[in-house]
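Residue numbers (this note's numbering): 1 to 125.
Single-structure report; data block below.
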């Protein structure tokens, strides 16, 4: 087989039009771990403030399990984005994780309060 039959694009990097070149150095690529590190610190701080300002500190530890969902969302921001759409999704996921960490304790209190009212109404006292 001769080498003349090989296409001319062998060895070249093909760049598609919808993807941006994230490999070249520039102002956006200087600190790739800055966004995930900020979201991680913010989620831990927000979770601590949300938990401390609620009535859940006297509750059983199984009520803290949904904080793992918030930390999982923030952990997903540590994946490196390949496109600008993935970068935007990473920021939205980190923001959702931080908001969930901040507001989970209040949501849990409201749900437990509603469950208590429903149980009281069903009991009939």
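Note that the Cβ used here is the ideal one computed from N, Cα and C, for glycine as well.
Q: Starting from the Cα of residue 46, find the closest Cα among 67, 112, 115 and give me that residue.
A: Looking up residue 46 in the chain shown gives position 46. For the residues 67, 112, 115, the minimum Cα distance to residue 46 belongs to 67.
Q.
Taking the straight line between their C-alpha atoms, what separation do you get for residue 77 and residue 123?
A. Residue 77 sits at position 77 when you count from the first residue of the chain shown. Residue 123 sits at position 123 when you count from the first residue of the chain shown. Going from the Cα of residue 77 to the Cα of residue 123 covers about 46 Å.
Q. With a CB to CB cut of under 6 Å and the five nearest residues on each side skipped, what residues in its chain are close to residue 51?
A. For the purposes of this step, residue 51 is identified with residue 51 of the chain shown, where counting begins at 1. Contacts found: 105.
Q.
Could you compute how far the alpha carbon of residue 39 sits from the alpha carbon of residue 55?
A. Walking along the chain shown from the start, residue 39 turns up at place 39. Walking along the chain shown from the start, residue 55 turns up at place 55. When rounded, the distance between both Cα atoms is 25 Å.
Q: With DSSP as the reference, label residue 36 as helix, strand or coil.
A: Looking up residue 36 in the chain shown gives position 36. Residue state, collapsed to three classes: helix.
**Q.** Reduced DSSP category for residue 83 - H, G, I as helix; E, B as strand; rest coil
**A.** Here residue 83 refers to the residue found at position 83 when the chain shown is read from its first residue. Coil, per DSSP.
Q) Excluding five sequence neighbours on each side, which residues of the same chain lie with their C-beta closer than 6 Å to the C-beta of residue 90? A) In the chain shown, counting from the first residue as 1, residue 90 sits at position 90. Correct list, in chain order: 77, 81.
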